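Notes to accompany the following structure.
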Amino acid sequence: MDFSYHRAFDVPDDDAAFESAATRLLPDGESRVWNNALMELGGVACEGTPACDTAECPWRRWCHAYETGDFTAPDVPEQPDFEGSRRQFRGRVVGTLQQHGPLTLDDLGPRVRVDYAPDGTYGREWLRDLLEDLEADGLVAVEETDESVVTKLSPE
Ligand code: SF4
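The opening residue of the sequence shown carries number 177 in the numbering used here; numbering runs sequentially from there.
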């Protein structure tokens with residue numbers, strides 16, 4: 177359960193902080209459901225090596241670790257081996273759209289990677305490929321008009 181708290185909510189590696197976060201996050205009268213949900217999340221998706229995409233974790237849109245690409249946790253101090261930059265960039269796209277709302281490709285790109293250049297290696301083509309994956313997973317929506325391509329989070 178600690179993995180989930182730490183990764184999903186960015187809770188520091190500290191017993192008092194965990195306890196305080198748990199108290200704050202627990203919905204009134206729903207502690208059993210909440211605890212079961214977190215245990216399920218930990219068991220199905222958020223283990224030592226998290227299976228964010230393959231397990232289709234429902235928390236991806238809000239998850240701190242998924243956004244930053246840092247999947248270390250108190251009992252997993254080393255970054256899990258499988259972690260790749262593509263996953264990190266996927267998380268950044270979701271986090272950026274969450275923070276800024278709908279953006280065109282060229283407004284989104286530089287916020288996702290500093291070396292974004294519209295016609296470069298990491299430009300529109302690279303970004304559209306990433307967005308296609310996210311759209312297939314139901315996380316973002318891409319709308320094309322004659323004048324621009326607008327990206328946004330998928331409606332819930
Ligand atoms: S998105 Fe990944 S890291 Fe975040 S809670 Fe889900 S499985 Fe864990």
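Built from N, CA and C at the ideal position, the CB exists for glycine as well. Keep in mind it's a predicted model, so treat the numbers as computed, not measured.
Buried/exposed call for residue i, threshold 16 Cβ in 10 Å
| i | result |
| --- | --- |
| Cys239 | buried |
| Cys233 | buried |
| Leu303 | buried |
| Phe258 | Since pLDDT at Phe258 reaches only 46, below the 50 mark, its modelled position is unreliable, and no value is offered. |
| Glu195 | exposed |
| Gly285 | buried |
| Glu320 | exposed |
Continuous beta strand (DSSP E) stretch holding residue i: start and end
| i | result |
| --- | --- |
| Val220 | Premise fails: Val220 lies in the alpha helix (DSSP H), Ser207 to Val220, not in any beta strand (DSSP E). |
| Ala317 | Val316 to Glu320 |
| Leu329 | Val325 to Leu329 |
Whether residue i touches residue j by CB criterion (9 Å)
| i | j | result |
| --- | --- | --- |
| Asp189 | Ala241 | no |
| Val220 | Val269 | no |
| Pro278 | Val209 | no |
| Phe185 | Leu201 | yes |
Reference residue i; option with closest CA among the options
| i | options | result |
| --- | --- | --- |
| Glu323 | Glu311, Thr280 and Leu310 | Thr280 |
| Pro253 | Arg183, Val325, Pro294 and Cys228 | Arg183 |
| Arg237 | Tyr292, Thr272 and Ala193 | Thr272 |
| Asp305 | Asn212, Ala293, Arg266 and Asp204 | Arg266 |
Residue i: first and last residue of the uninterrupted alpha helix (DSSP H) it sits in
| i | result |
| --- | --- |
| Val288 | Leu281 to Val288 |
| Tyr242 | His240 to Thr244 |
| Thr297 | Taken as a continuous stretch (DSSP letters only), Thr297 belongs to no alpha helix (DSSP H), as it is neither H nor E. |
Chain C within 9 Å of residue i, Cβ atoms only
| i | result |
| --- | --- |
| Arg208 | Absent from the structure: chain C. Only one protein chain is present. |
DSSP beta-bridge partners of residue i
| i | result |
| --- | --- |
| Ala198 | Answer by DSSP bridge pairing: none, since Ala198 is not bridged. |
| Val252 | Ala249 |
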